[in-house]
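Novice:
Chains as they are written, first to last, in the working numbering: chain S, 81 to 189; chain R, 774 to 888.
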């Protein structure tokens with residue numbers, strides 16, 4: 081079965097501190113992993129995907145197949161990073177996204 | 774193009790009534806998806822179209838739910854005989870098979886409240 085688990089519903093850190101949002105998945109093949117973000121009063125949007133291996137807004141995420149994880153990291157949090165973050169996966173040949181429950185990140189000044 | 778649009782943005786209905794939602798995808802996108810999101814949860818996949826063909830339906834999509842995309846452009850999602858458990862945010866997304874990465878772009882959602 082395909083499943084995405086985000087163990088933290090809420091995460092609060094101070095501005096300038098490192099941030100790590102955890103994501104674990106279960107999938108029997110080779111999935112594609114994504115992080116989506118939803119800022120206040122905005123629609124859900126793609127932040128990054130593992131195949132592109134980019135850093136977006138200072139965020140990076142590395143796919144660890146051994147630990148079936150795709151944690152999102154940023155070395156120095158900024159107040160504008162406060163948002164809801166969703167980890168998602170898409171299976172081989174499948175178009176649908178399977179989302180985790182989401183983590184609400186709050187950056188304190 | 775302003776992105777994926779959904780109408781209405783909010784709908785309040787009484788239990789047992791039928792409701793219909795509309796989604797207009799980004800104009801060149803040939804794939805269209807419906808998701809449902811309840812409070813405190815991530816979006817859950819309901820169904821997906823490639824052009825006018827409905828290619829996948831979730832088991833969440835009971836026979837009270839029907840989705841169409843008759844001309845491969847806009848889509849409608851109808852819920853018949855609504856129940857209180859249908860209260861949720863209904864999200865539409867679109868993507869293009871022709872664009873690298875096939876990124877899904879989401880609409881603002883339709884919030885349904887069943888009283």
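Every residue, glycine too, gets a C-beta built ideally from N, C-alpha and C.
So the candidates are R:820, R:870, R:836; which of them puts its Cα closest to the Cα of residue 791 of chain R?
Specialist: Checking every option, the nearest Cα to that of residue 791 of chain R belongs to R:836.
Novice: Using a Cβ-Cβ cutoff of less than 8 Å, which residues in the same chain neighbour residue 776 of chain R once the five nearest sequence positions on both sides are dropped?
Specialist: Cβ neighbours of residue 776 of chain R beyond the five flanking positions: 799, 878, 880.
Novice: In chain order, which beta strand (DSSP E) runs of at least 3 residues are fully inside the stretch 800-829 of chain R?
Specialist: Correct list: 804-810, 817-823.
Novice: Does the structure place the stretch 121-138 of chain S close enough to the stretch 150-169 of chain S that three or more beta carbon pairs sit under 8 Å?
Specialist: A contact exists between the stretch 150-169 of chain S and the stretch 121-138 of chain S.
Novice: Are residue 151 of chain S and residue 100 of chain S touching if we call contact CB-CB under 8 Å?
Specialist: Result yes, Cβ atoms of residue 151 of chain S and residue 100 of chain S sit closer than 8 Å.
Novice: Can you list the residues of chain R that residue 182 of chain S reaches, using a CB-CB cut of under 7 Å?
Specialist: Within chain R, the residues near residue 182 of chain S are 815.
Novice: Residues of the stretch 830-853 of chain R with a CB closer than 9 Å to any CB of chain S: list them in chain order, please.
Specialist: Within the stretch 830-853 of chain R, the qualifying residues are 831.
Novice: As an exercise, report each continuous beta strand (DSSP E) stretch of at least 3 residues that is fully enclosed by the stretch 112-160 of chain S, in chain order.
Specialist: Complete beta strand (DSSP E) runs here, min 3: 112-118, 125-129, 152-154.
Novice: So, using beta-carbon positions, are residue 172 of chain S and residue 110 of chain S closer together than 8 Å?
Specialist: Yes; because the gap between Cβ atoms is below 8 Å, this pair is in contact.
Novice: Assuming residue 855 of chain R and residue 887 of chain R form a contact by the criterion Cβ under 8 Å, report the distance between their Cβ atoms to the nearest whole angstrom.
Specialist: So it is a contact: roughly 5 Å between Cβ atoms.
Novice: Taking the C-alpha atoms as reference points, what is the distance between residue 852 of chain R and residue 840 of chain R?
Specialist: Those two C-alpha atoms are separated by around 9 Å.
Novice: Using a Cβ cut-off of 9 Å, which residues of the stretch 122-146 of chain S contact any Cβ in chain R, in chain order?
Specialist: The residues in question are 122, 123, 124, 125, 126, 129, 131, 132.
Novice: Step through the CB atoms of chain R and report whether any lies within less than 8 Å of the CB of residue 179 of chain S.
Specialist: Closer than 8 Å: yes.
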